[in-house]
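Just so we're aligned, residue 30 is where the sequence shown starts under the working numbering, counting upward by one. Ideal Cβ placement from N, Cα and C applies to all residues, glycine included. Here the structure is laid out as structure tokens; the discussion comes afterwards.
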Amino acid sequence: MKDRTSDWDGAEALVAKYLKTGEQHLLDEILRAHTPLVERVARRYAGLEMFEDLVQVGFIGLLNALTMFEPEKGVKFSTYATHLVVGAMKHHLRDRSRIIREPAWLQEVRHRVRKAHAALVQELGREPNDAEVAAKAEIEPETLAEIRATEDLFKVASINATYDDDDDEEAETAGFSDEGRTQLGMEERLVLEEVMSGLRDLEREVLYLFHVETLNQTEIANRLGISPNYVGHILRQSTNKLRKVLEEQEEADRKIRLEVGNAPTEVVDEAIGCYREEYLMRRLDEEVHRASCVGSAVGFVRVHFDGLDTLAKFYGPTVVEDFLRNASDFLRDGVRRLDILGRVGETGFGIIFPGTGEQVRVAHHRILERMKGWLERSAGASQIAVSMGVAYYPESGRSGRTLYASAKLIRVSDRRAA
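Following this line, the structure appears as structure tokens:
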């Protein structure tokens, strides 16, 4: 089994190397390495916004963290990035002023799962496993996994347990055995670091040794020069504090839900499968503003198709819609998850590349080369010509409007694609 701690350390090493060299390929590796972190945070708000939209916003928060990170302050990048990823998503939710409420069917299934779990605890006299809960609730195991993925940010072992106050070592260690210890993944450990900032130094150290380095209480006691009983006492007190921190976090999130409880705003063109033009242009303004604040860059590529009116006359409007839907899928497959694809006009698209300056020309060239082969395979390609434009902040313009205007369309070829 792969060592998650090694993954964590490897990601930190990538960041350190990137900050020294600025090599573009390292940026892509950093994004991949921190994808679990971004996705984990996105699941927390999945009931308020489309998951992929949240992931995209989270990656932008990750880029901001990379831009502003100061390693000399002694904070791990992963800890710093977690704060900015969470902040980016909350900011996005407030700006959107929209909410997608949990569907009634999902509430009903969640209720069934809770009832099944409680009944099994009574029947079996122990914690049931997932297969048993799924069978009792009459749902598929995959459905149970999806429901649980949206519930809690993470679980700390025995966080809701109660303990006796007597000094017996067995009583002190109850609920904190290695057998019952939750094995935290990389992203859960990052969240643990975040909430531990509200604890005393000794409490943080004990929790870190127990949940991250996975030491038992005796090993922690030997490491710190205190008694195992005192370690157990600290674990009890600190997990109670952690629970309160998490409850406060949940209350803050609940307030966000109330704040963004206005009517939904349509931002996606469902027929074509990408963002609408109005939303794309708002995002372009936002990304330019964000880049100006943190000293970063933004790239923008336009793609325009001519000849679709002729295609409609020969084959009908449905074929044009199919073509644009296929074009949307093609363009999305060729960019990163944090890049933002939307419609521009009736027959074009725009792509925002956060954190990418002059290097956006490389992406532009890559799209162009792939486009040639794709068009040859597309229905009615002989009727279609392609124009593309590219611009980037700050060199090409210092606002979304000027950046868009600077991405002047140039015909890909003097002859129509065949």
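Relative to the C-alpha of residue i, which candidate in the options has its C-alpha closest?
{"i": "VAL373", "options": "ALA147, GLY324 and ALA436", "result": "ALA436"}
{"i": "HIS393", "options": "LEU238, GLY328 and GLU52", "result": "GLY328"}
{"i": "ALA326", "options": "ARG361, THR108 and THR385", "result": "THR385"}
{"i": "ILE439", "options": "ARG331, PRO423, ALA62 and GLU387", "result": "ARG331"}
{"i": "ALA117", "options": "ARG139, ALA148, PHE98 and ALA71", "result": "ALA71"}
{"i": "MET310", "options": "LEU173, LYS102, ALA434 and ALA148", "result": "ALA434"}
{"i": "GLU81", "options": "GLN412, GLY426 and ARG365", "result": "ARG365"}
{"i": "GLU405", "options": "SER425, PHE352, ALA300 and GLU424", "result": "PHE352"}
{"i": "ILE380", "options": "PHE343, GLU171, GLU306 and THR268", "result": "GLU306"}
{"i": "VAL138", "options": "ALA148, VAL115 and THR172", "result": "THR172"}
{"i": "ARG361", "options": "PHE98, PHE343, ARG395 and GLY345", "result": "ARG395"}
{"i": "THR347", "options": "ALA300, VAL391 and SER357", "result": "ALA300"}
{"i": "ARG69", "options": "GLY51, VAL115 and GLU99", "result": "VAL115"}
{"i": "LEU113", "options": "GLY345, ILE89 and GLU99", "result": "ILE89"}
Which of the three DSSP states, helix, strand or coil, is assigned to residue i?
{"i": "ASP298", "result": "strand"}
{"i": "HIS318", "result": "helix"}
{"i": "ASP368", "result": "coil"}
{"i": "ILE59", "result": "helix"}
{"i": "SER416", "result": "strand"}
{"i": "VAL104", "result": "coil"}
{"i": "PRO383", "result": "strand"}
{"i": "PHE98", "result": "coil"}
{"i": "VAL441", "result": "coil"}
{"i": "GLY116", "result": "helix"}
{"i": "ALA436", "result": "coil"}
{"i": "TYR304", "result": "strand"}
{"i": "GLY429", "result": "helix"}
{"i": "LEU48", "result": "helix"}
{"i": "GLY39", "result": "helix"}
{"i": "TYR74", "result": "coil"}
{"i": "GLY261", "result": "helix"}
Residue i and residue j: beta carbons closer than 7 angstroms?
{"i": "LYS49", "j": "LEU55", "result": "no"}
{"i": "VAL67", "j": "GLY87", "result": "yes"}
{"i": "HIS441", "j": "ASN93", "result": "This sequence places Val at residue 441; His is not what is there. No, they are not a contact pair."}
{"i": "GLN85", "j": "LEU367", "result": "yes"}
{"i": "TYR422", "j": "VAL317", "result": "yes"}
{"i": "VAL389", "j": "PHE378", "result": "no"}
{"i": "GLY302", "j": "ARG229", "result": "no"}
{"i": "VAL162", "j": "HIS140", "result": "no"}
{"i": "GLY429", "j": "ASP335", "result": "no"}
{"i": "ARG399", "j": "GLY363", "result": "yes"}
{"i": "LEU337", "j": "THR376", "result": "yes"}
{"i": "LEU83", "j": "TYR74", "result": "yes"}
{"i": "VAL142", "j": "ALA164", "result": "no"}
{"i": "SER416", "j": "HIS333", "result": "yes"}
{"i": "GLU232", "j": "ILE255", "result": "no"}
Excluding sequence positions up to five away, which residues of its chain have a Cβ less than 8 angstroms from the Cβ of residue i?
{"i": "GLU41", "result": "LYS105, PHE106 and SER107"}
{"i": "TYR304", "result": "VAL296, VAL297, ASP298, ARG312, ILE369, LEU370, GLY371 and ARG372"}
{"i": "GLU156", "result": "VAL150"}
{"i": "SER321", "result": "TYR422, PRO423 and ARG427"}
{"i": "LEU153", "result": "GLU161"}
{"i": "PRO170", "result": "ASP159, ALA160 and ALA163"}
{"i": "VAL419", "result": "GLY328, PHE329, VAL330, ARG331, VAL389, ARG390, HIS393 and ALA436"}
{"i": "LYS144", "result": "ALA166"}
Short of 7 angstroms in beta carbon distance, which residues of its chain neighbour residue i, apart from the five on each side in sequence? Order them along the chain.
{"i": "HIS63", "result": "ALA40, LEU91 and ALA110"}
{"i": "PHE359", "result": "TRP403"}
{"i": "HIS18", "result": "A query on residue 18 cannot be resolved here, the shown segment of the chain reaching from 30 to 447 and no further."}
{"i": "ASP260", "result": "This sequence places Val at residue 260; Asp is not what is there. Only VAL235, GLN246, ILE249 and ALA250 meet the Cβ criterion."}
{"i": "GLU58", "result": "LEU43"}
Who are the near neighbours of residue i in its chain, counting only those whose CB is closer than 6 angstroms to its CB and skipping five residues on each side?
{"i": "THR247", "result": "PRO257"}
{"i": "LEU244", "result": "LEU238"}
{"i": "ALA174", "result": "none"}
{"i": "THR28", "result": "Past the edges of the chain, shown from 30 to 447, lies residue 28, and the structure says nothing about it."}
{"i": "TYR308", "result": "VAL296"}
{"i": "GLN412", "result": "GLY336, THR339 and LEU340"}
{"i": "LEU253", "result": "none"}
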